[in-house]
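Be aware that the sequence shown starts at 1, since it is given in full-length UniProt numbering, and climbs by one per residue.
All C-beta atoms in this analysis are idealised placements derived from N, C-alpha and C, irrespective of residue type, glycine included.
Remember, predicted model here, so these are calculated numbers, not experimental data.
Please read the structure below before turning to the comments.
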Amino acid sequence: MDNWDNNFDNRSPNFIMVGDSTDKTEHQSYQGSDYEYAIPKKKEPKYITRKAFIITLIICMIATSGLTIAGYTLASNMGVGGTSKTVSATNYTLAKATGSEKSVQEIIAQNENAVVEIKTEAVSRDNWMQNYVTEGAGSGVIVDTKGYILTCAHVVEGSNKIMVTLKDGTELEATLVGMDSQNDIAVIKIKANNLTAATYGDSSELSVGSLVVAIGNPLGELGGSASTGIISALDRELTVGNKNLTLLQTDASINPGNSGGGLFDQYGNLVGIVVAKSTGSDVEGLGFAIPIKEAASIAKDLIENGRVTGRAAIGVKIADISDAETALQYGVKMTGVYIQEVTGSNAKSAGLQAGDMIYYLEDTKIETSSDLQSALSEHKPGETVKLTVIRNNKTVDLKVKLTESTQ
């Protein structure tokens, strides 16, 4: 017990005591932070005497002469003496011929005009009912010469005005074509001629170690910046902005403002849309991108229909309750997914009510709206599923026929 009445177990300390008399090894001690590091002291070099050197030299000369004679005899017996033999080097085929790959400079030159800066303005209202403007910045990639630009939903979500700056400095106002908040993908459109569009690659062909180049607008004011790296992990499942996403991981430098920018492979093709970076002060080289295979499919739906089609929905308006303060506001005593309003006739027919807390969808426990979206992605419109809700502190099982989402 110490002076603060704390009990400590001294039987097996998990650190080395520097200068401990029981340790005969000398150490050098460096005190950096809250810890003390011990490294072995370097031993002094030992030098050979002149007499020992001469004796060693004579032994080496005798050994060398003996090996030379033995080697000549062996070569003669094998018939090598006067005949030369040609040794053929083994040929190895490199995976994907380097002739089709491009240098970093070529990749940047091919795509720098396809990556744009995005600046947004959103009008909000404060507690005194006064309007104020919030500005945002991000990046985008032109994917069609007609002016369609692929970016992240969180870059443009809630914006009243979207401005795009091209590589040559031209500023154009953009319109929102469609947005998929669930997968953090959005498409905006500008009217301009002679646009350069990026070429879609195949993100499923990437492997850990593949070269990638990120081009975007870091810090919201350094448009056209490029950084290089590798794919450091595939299929990384993360929760970003309360969304469950499966992402590519890269060590290319990613900064705020890069969101929506392009990640290009060694062939100059677009393989990812940059979405996030690690914000930990002790972490470096952790950036993430949405695989283009998923992003391109969503973008196609948004361009053609203004929304993602074929996605199942329950027919309710929900809210995430993640803390006690929010729970108090809604008058509930637990966290989870709260039904604010029953909007669909299917949900009303199933017996869902405002104030219900969604607890399970089939056998999947639901704790956040992201959990609910992931569970719904396993089903199609028209299917009937079992939904378990908590109502008046009791669980209630309901059968709900899913409809198609209109968002």
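- If you draw a 10 Å sphere on the C-beta of Leu372, you find 16 or more other C-beta atoms in it, and that means buried.
- When DSSP states are grouped into helix, strand and coil, Val156 belongs to the helix group.
- In the three-state reduction of the DSSP assignment, Ala312 falls in the strand class, which pools E and B.
- Contact between Leu270 and Val141 is confirmed by a C-beta separation of about 6 Å, below the 8 Å threshold.
- Residue state for Asn131 is assigned as strand, using DSSP reduced to three classes.
- Between Ala289 and Ile273, the C-beta spacing is below 8 Å.
- In terms of Cα proximity to Ala192, the closest of Glu171, Gly223, Val177, Thr403 is Glu171.
- Lys293 is positioned such that its CB atom lies no closer than 8 Å to that of Ser225.
- According to the DSSP assignment, Ala295 belongs to the alpha helix (DSSP H) that extends over 292 to 305.
- Following the DSSP letters along the chain, one finds Ile149 inside the beta strand (DSSP E) bounded by residues 148 to 151.
- Contact annotation: the stretch 342 to 359 does not touch the stretch 149 to 162, with fewer than three C-beta pairs closer than 8 Å.
- Going by DSSP, Val143 is part of no beta strand (DSSP E) at all; its letter is neither H nor E.
- Here Leu372 carries a helix assignment [DSSP, helix/strand/coil].
- For Ser349, the uninterrupted alpha helix (DSSP H) run begins and ends at 345 to 350, by DSSP.
- Looking only at Asn113, Gln110, Leu176, Ala276, the smallest Cα-Cα distance to Lys243 is reached by Ala276.
- Within the DSSP secondary-structure output, Lys399 pairs in a beta bridge with Lys386.
- For the options Ser253, Pro256, Gly241, Arg236, the alpha carbon positioned closest to that of Leu247 is the one of Arg236.
- Counting only the Cα atoms, Ala122 lies some 15 Å from Met129.
- Boundaries for Ile366: no alpha helix (DSSP H) harbours it, and the DSSP string shows neither H nor E there.
- Note that the C-beta distance between Leu263 and Ala214 is below 8 Å.
- Less than 8 Å divides the Cβ of Gly257 from the Cβ of Gly220.
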